[in-house]
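Chains as they are written, first to last, in the working numbering: chain A, 72 to 288; chain S, 72 to 288.
Some notes on the structure that comes next.
Protein chains: 2
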Amino acid sequence: MPVSQAQPRWQRRADARPQELLDAALAEFVERGYAATRLEEVARRAGVAKATLYLYYENKLELFKAVVRHSLVAAFDELAKEQRDAATSARAQLTKLLAAFVHRVAESPLSGLPKLVIAEASNFPDVARFYHDEMIRRGREVFTGVLERGIASGEFRAVDVDHAWRIVIAPLLLSIIWKHSFAAFEAAPLDFERHLDAHLDLLFNGLATDRRKRIRR
Amino acid sequence: MPVSQAQPRWQRRADARPQELLDAALAEFVERGYAATRLEEVARRAGVAKATLYLYYENKLELFKAVVRHSLVAAFDELAKEQRDAATSARAQLTKLLAAFVHRVAESPLSGLPKLVIAEASNFPDVARFYHDEMIRRGREVFTGVLERGIASGEFRAVDVDHAWRIVIAPLLLSIIWKHSFAAFEAAPLDFERHLDAHLDLLFNGLATDRRKRIRR
DNA sequence: CGTATAAATGACTCAATAGTCATTTACTTC
DNA sequence: GAAGTAAATGACTATTGAGTCATTTATACG
Numbered sequence: 072m073p074v075s076q077a078q079p080r081w082q083r084r085a086d087a088r089p090q091e092l093l094d095a096a097l098a099e100f101v102e103r104g105y106a107a108t109r110l111e112e113v114a115r116r117a118g119v120a121k122a123t124l125y126l127y128y129e130n131k132l133e134l135f136k137a138v139v140r141h142s143l144v145a146a147f148d149e150l151a152k153e154q155r156d157a158a159t160s161a162r163a164q165l166t167k168l169l170a171a172f173v174h175r176v177a178e179s180p181l182s183g184l185p186k187l188v189i190a191e192a193s194n195f196p197d198v199a200r201f202y203h204d205e206m207i208r209r210g211r212e213v214f215t216g217v218l219e220r221g222i223a224s225g226e227f228r229a230v231d232v233d234h235a236w237r238i239v240i241a242p243l244l245l246s247i248i249w250k251h252s253f254a255a256f257e258a259a260p261l262d263f264e265r266h267l268d269a270h271l272d273l274l275f276n277g278l279a280t281d282r283r284k285r286i287r288r
Numbered sequence: 072m073p074v075s076q077a078q079p080r081w082q083r084r085a086d087a088r089p090q091e092l093l094d095a096a097l098a099e100f101v102e103r104g105y106a107a108t109r110l111e112e113v114a115r116r117a118g119v120a121k122a123t124l125y126l127y128y129e130n131k132l133e134l135f136k137a138v139v140r141h142s143l144v145a146a147f148d149e150l151a152k153e154q155r156d157a158a159t160s161a162r163a164q165l166t167k168l169l170a171a172f173v174h175r176v177a178e179s180p181l182s183g184l185p186k187l188v189i190a191e192a193s194n195f196p197d198v199a200r201f202y203h204d205e206m207i208r209r210g211r212e213v214f215t216g217v218l219e220r221g222i223a224s225g226e227f228r229a230v231d232v233d234h235a236w237r238i239v240i241a242p243l244l245l246s247i248i249w250k251h252s253f254a255a256f257e258a259a260p261l262d263f264e265r266h267l268d269a270h271l272d273l274l275f276n277g278l279a280t281d282r283r284k285r286i287r288r
């Protein structure tokens, strides 16, 4: 028998709920994996009761699929903000692409998506295929495109682009997977900015000493 | 009422069971993740009843820890078979280390371990810390060691080894994670041998065209 | 201010599976 | 070949969490 209730026990927010539930679910799925994620906990994190979740998503699997679909779209939207200008050099384009990946994806909640999809790939082949066909295929196209242009213009050596595109993204992709797995155990968090610089330096210039310099010494 | 039973219904194999259970469990954990793995299924895969599993491992978590511990040791044993001779060049050493990783780990069931630990890291921080402190720390030491020796001898440029060691292993590590996630959706399986060659070529020589050659043209 | 209804909930059911245990059986040893 | 026992099992219990539903409540609108 509360004499004067200041606040209503809950609010009706039918338009904001779906997004809030997706955000909460992404965080939980990334942290615990699909099977270990409790819908009770997702709801709590979104500030609603478990039954409310079922007003917006049919069941756990549909919620999971919605999270992946939505995050994928959000990731593309973020990357699209970096307009691609074909006028500059291939080197500048490649640098810009990787920097965009770091700033728009690696340092956002979206960074959890690859780890999530990788971990659940064999339990949910259709989700993995969707990610593969939408995200990976497009990523490959963009990167092999830049590499081929650079080779055609004589800016890059004639490397095998089918392998090179994976090698180009691997350090950044792995570093975001790392961030969601071992970050807690490392003395200092990985500095993405410096990591990117180091990668670009190695990528363009290689590890071996330039012979001219060695001869000069 | 079988008139003449040829075979006994089961055999006593107390010394072989633990290993067989670990093998079955690694495969299941890698494929489905910790939570989604059914002990009934692990037992079936190892050719025993579920209750038998409990004769050898206290519970699911202890089985999981045993799998990780045992696989880690096995991975080291495999890599140790490649004796490291400090006499050769840093470049040859680095090549040998990466080749050993491909031949001894990437192309064996052990390749599932990194994905498993990464996926379950936040559910089992103590397992992740164990992997981090044992496997990653040693890996970092070995690779930064070779890089530093190469720099000291003038064979390599003076790159930032704290970042470079990650970049050196990233393509191979990512490719084994890939193998356990998206392999089914790719036209052809990734050729580790050629991938390694492409990586080494890029790593040592870089992407940018050598200026001398460009000037000559 | 009263009413209609969409939004939200708490308390429930039911299925799945981790873990237990009394019983059976393969194998050793004398 | 009989007895003893370690190895293995099938059938069981207990718990957890996905999904349901009757009821409550916020809020829009006349």
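Even glycine gets a Cβ: it sits at the ideal position worked out from N, Cα and C.
Note that the coordinates shown come from a computational prediction; the quantities given were computed from them, not determined experimentally.
Between the options, which lies nearest to residue i when the distance is taken from Cα to Cα?
i, options, result
"A137/A", "E102/A, P89/A, L150/A and K121/A", "P89/A"
"A117/A", "T159/A, Y105/A, Q82/A and E257/A", "Q82/A"
"S193/S", "P79/A, I238/A, E205/A and G104/A", "G104/A"
"E257/A", "T280/S, L244/S and D204/S", "D204/S"
"R237/S", "I189/A, Y125/A, L267/A and D233/A", "L267/A"
"L134/S", "L97/S, A107/S and A145/S", "L97/S"
"H141/A", "L218/A, M206/A and A85/A", "M206/A"
"L274/A", "L218/A, A145/A and A223/A", "L218/A"
"T123/A", "E149/A, A161/A and R84/A", "R84/A"
Verify whether the separation of the beta carbon atoms of residue i and residue j is less than 9 Å.
i, j, result
"A269/A", "V230/S", "yes"
"L139/A", "L187/A", "The sequence given here has Val at residue 139/A, not Leu. Yes, these two residues count as a Cβ contact at 9 Å."
"S246/A", "A177/A", "yes"
"L278/S", "R175/A", "no"
"G210/A", "I240/A", "yes"
"Y202/S", "L143/S", "yes"
"A107/S", "A145/A", "no"
At the level of alpha carbons, what is the spacing between residue i and residue j?
i, j, result
"N276/S", "E264/S", "18 Å"
"L261/A", "K250/A", "8 Å"
"L60/A", "R220/S", "This structure cannot settle anything about residue 60/A, because the visible part of chain A is limited to 72 through 288."
"I248/A", "E102/A", "12 Å"
"D272/S", "D94/A", "42 Å"
"K167/S", "A158/S", "13 Å"
"Q164/S", "L243/S", "16 Å"
"Y128/S", "E191/S", "20 Å"
"A130/S", "R200/A", "Residue identity check: residue 130/S is Asn in the sequence provided, not Ala. For N130/S and R200/A, the distance between alpha carbons rounds to 34 Å."
"E212/A", "A151/A", "15 Å"
"D281/A", "F195/S", "46 Å"
"E99/S", "A120/S", "16 Å"
"D197/A", "I189/A", "12 Å"
"P180/S", "A255/S", "17 Å"
"E149/A", "A87/A", "21 Å"
"R208/S", "R80/S", "47 Å"
"E112/A", "E112/S", "28 Å"
"L126/A", "L126/S", "46 Å"
Please classify residue i as buried or exposed, where buried requires at least 16 other C-beta atoms within 10 Å of its C-beta.
i, result
"S182/S", "buried"
"F147/S", "exposed"
"A114/S", "buried"
"A223/S", "exposed"
"A259/S", "exposed"
In its own chain, which residues sit with a C-beta less than 8 Å from the C-beta of residue i, not counting the 5 before and 5 after it?
i, result
"P73/S", "At P73/S, the pLDDT of 38 sits below 50, so the modelled position is not reliable; the number obtained from the coordinates is stated separately. Around P73/S: no qualifying Cβ."
"P185/A", "L244, I247 and I248"
"L110/S", "K121, L124, K131 and L134"
"Q289/A", "The structure shown does not extend to residue 289/A, since chain A spans only 72 to 288, so no value can be given for it."
Ignore the nearest five residues each way along the sequence and tell me which others in residue i's own chain have a CB closer than 7 Å to its CB.
i, result
"V232/S", "T215, L218 and E219"
"E226/S", "S160, A161 and R162"
Excluding five sequence neighbours on each side, which residues of the same chain lie with their C-beta closer than 6 Å to the C-beta of residue i?
i, result
"E153/A", "A171"
"V173/S", "F263 and L267"
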